[in-house]
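Numbering (the numbering used here), first residue to last: 208 to 452.
For glycine and all other residues, C-beta sits at the position ideal for the given N, C-alpha and C.
Nothing here was measured: the structure is a model prediction, and the numbers come from that model.
These notes are about the structure you will find just below.
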């Protein structure tokens, strides 16, 4: 991709696309797979790639494989802009002082890769004391939203390089201290416990919930013995559904 990509974010009002849904102004050098689809991983500019310091000491990103790299938030935003979207929205799933979970919903513009149809894609992410670094732990809502956005873009565009925003933390002494102080209150903000609280407020028993999951043919529902057995992603979904009752 050329330096023209730098213009994408600052010239949103000037964007124009061809009949295939690809940008023609500003011009972008697309990289394609053998099947004709866009290779969105190759569209990430080198300046938006950094080494994953938890996996490697190498500083030259050109020498690293995808599993040892991270994509900066700016690179994800640029990819989303190049791909084209109609809207980005967020839905809070859970929110306490020590825990925040949200879903990111992106309505993607039609292009030839989606048979000229709009596609809505959703991803979930959370942030809490023991999966954020000391600074980010003060901004759990913003951290969760950024993570959900990055995950939504990456998964839709089939990019396997992890976003820097998705990296966890909480290994510092200050984080450990904060964790100990918040243990009691944080226990109540565990996703499973949040679901149990909402079930109680809505008079929904576990057996009723389990029956519903079995009816919906959710994998593993028949073997579930408690709320703790429900996968985290499904727990978020159920919290959102119950809140609307």
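Closest Cα partner of residue i within the set the options
i	options	result
residue 327	297, 346, 276 and 343	297
residue 331	319, 321 and 357	357
residue 372	366, 354 and 340	354
residue 411	349, 448 and 352	448
residue 274	267, 284 and 263	263
residue 466	329, 404 and 423	There is no way to answer for residue 466, as the model of the chain reaches only from 208 to 452.
residue 370	242, 284, 221 and 244	284
residue 400	364, 438, 421 and 423	438
residue 311	294, 423 and 425	294
residue 368	342, 329, 413 and 272	272
Own chain, CB closer than 8 Å to residue i, minus 5 neighbours either side, in chain order
i	result
residue 436	427 and 430
Chain-order list of residues whose beta-carbon lies under 6 Å from that of residue i (same chain, five-residue window excluded)
i	result
residue 287	360
residue 452	409
residue 334	307, 347, 350 and 351
DSSP three-state assignment for residue i, whether helix, strand or coil
i	result
residue 375	coil
residue 316	coil
residue 221	helix
residue 268	helix
residue 234	coil
residue 427	coil
residue 384	With a pLDDT of 42 at residue 384, under the threshold of 50, the modelled position of that residue is not reliable, and no figure is offered here.
residue 398	helix
residue 333	strand
residue 340	coil
residue 209	With a pLDDT of 46 at residue 209, under the threshold of 50, the modelled position of this residue cannot be trusted; read the value that follows with caution. The answer is coil: DSSP assigns residue 209 none of H, G, I, E or B.
residue 393	Because residue 393 sits at a pLDDT of 45, beneath the cut-off of 50, its placement in the model cannot be relied upon, and the following sentence gives the value as read from the coordinates. Three-state result, residue 393: helix.
residue 370	strand
residue 302	strand
residue 307	strand
Neighbourhood of residue i by C-beta, 7 Å cutoff - its chain only, sequence neighbours within 5 removed
i	result
residue 246	238, 239 and 240
residue 419	none
residue 324	317
residue 417	428 and 431
residue 225	231
residue 450	405
Proximity below 8 Å, CB of residue i to CB of residue j
i	j	result
residue 270	residue 307	no
residue 282	residue 315	no
residue 300	residue 443	yes
residue 366	residue 402	no
residue 338	residue 375	yes
residue 319	residue 227	yes
Check whether the region 237 to 255 touches the region 275 to 282, counting contact only when three or more Cβ pairs, one atom from each stretch, lie closer than 8 Å.
yes
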